[in-house]
Amino acid sequence: MKIYEILSLCNDMAKLGLPAEYFTANNQSALADERIRAMLTCCATVSEELYCDYAAAVKKCRVRAENGFIDCSKLRLCRVISLTDSMGNAAKYRYTEGGLITDEGEYTVVYAALPPKTEWDGEIKLTPRITPRIFAYGIIAEYCFISGDVVAQKSWAQRYYDALRLAEIKTSLQTMPAGRW
6 MKIYEILSLC
16 NDMAKLGLPA
26 EYFTANNQSA
36 LADERIRAML
46 TCCATVSEEL
56 YCDYAAAVKK
66 CRVRAENGFI
76 DCSKLRLCRV
86 ISLTDSMGNA
96 AKYRYTEGGL
106 ITDEGEYTVV
116 YAALPPKTEW
126 DGEIKLTPRI
136 TPRIFAYGII
146 AEYCFISGDV
156 VAQKSWAQRY
166 YDALRLAEIK
176 TSLQTMPAGR
186 W
């Protein structure tokens, strides 16, 4: 879904009163509005939270530790999910600026990647469980917070985190009790 479409959804859900003509593909004049720029900032914040905390973009690659250091500057790494050696065993590591400190050798790193930069007509890639509605809840909560409306922020944040909690539940793990015949 395009960012301007998600922001249009936010406008409708929270009744922000922004003009409908703002939310079209090539409307760069919308960016002149301070409220739109604030919503784009909120969009970037929520996107980063989803990518980092909920691992919306999990990537895997082979890396080599030279002098006990793995350079992660080109990976757009948010956090490491797992680091395994060439035998498949979990490896110990420590975060440092620009990379990871570990023993010498070849490793496979599975990590949550940072989201791409948010552009007005850019595409937001979300996992199937994170719907545009959930994303909009987060943006509205952030927008209310930076606008100083803490009462509304609390309400929208509650909706956002409740929806995220439900989205995390794996439906395949839900079982029904055995029936009695």
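Residue numbers for the sequence shown follow the working numbering, beginning at 6 and rising by one. Even for Gly, the Cβ is constructed at its ideal location relative to N, Cα and C.
#1: Give me the Cα-Cα distance between ASP76 and VAL68, rounded to the nearest whole angstrom.
#2: Secondary structure at THR132, three-state DSSP: helix, strand or coil?
#3: Taking GLY73 as the reference, give the member of ALA117, GLU26, PHE150, GLY104 with the closest Cα.
#4: Give me, in chain order, the residues of the same chain whose beta-carbon lies closer than 6 Å to that of LYS28; leave out the 5 immediate sequence neighbours on both sides.
#5: Cα separation between VAL114 and LYS79?
#6: Can you tell me the Cβ-Cβ gap for ILE151 and ALA43, rounded? I've got them flagged as a contact below 8 Å.
#7: Hey, ALA30 and LEU82 are a contact pair by Cβ (cut 8 Å); roughly how many whole angstroms apart?
#8: Please determine, among THR89, SER52, LEU45, LEU36, the residue with the shortest C-alpha to C-alpha distance to LYS65.
#9: How would you call VAL155, buried or exposed, if buried means at least 16 neighbouring beta carbons within 10 angstroms?
#10: Rounded to whole angstroms, what's the CA-CA distance from THR50 to SER87? Just pull it up for me.
#11: Cβ atoms of ALA168 and ILE139: under 7 Å apart, would you say?
#12: When you compare only the Cα positions, how much space is there between CYS149 and GLU128?
#13: How would you write the range of the alpha helix (DSSP H) that GLY104 sits in, first residue to last?
A quick look at the data gives this:
#1: 8 Å
#2: coil
#3: GLY104
#4: It is Phe, not Lys, that sits at residue 28 in the sequence shown. Only TYR9, SER13 meet the Cβ criterion.
#5: 13 Å
#6: 6 Å
#7: Actually they are not in contact, since the Cβ atoms of ALA30 and LEU82 sit about 32 Å apart, beyond 8 Å.
#8: THR89
#9: exposed
#10: 24 Å
#11: yes
#12: 24 Å
#13: First-last for GLY104: 104-106, but that is the beta strand (DSSP E), not the alpha helix (DSSP H).
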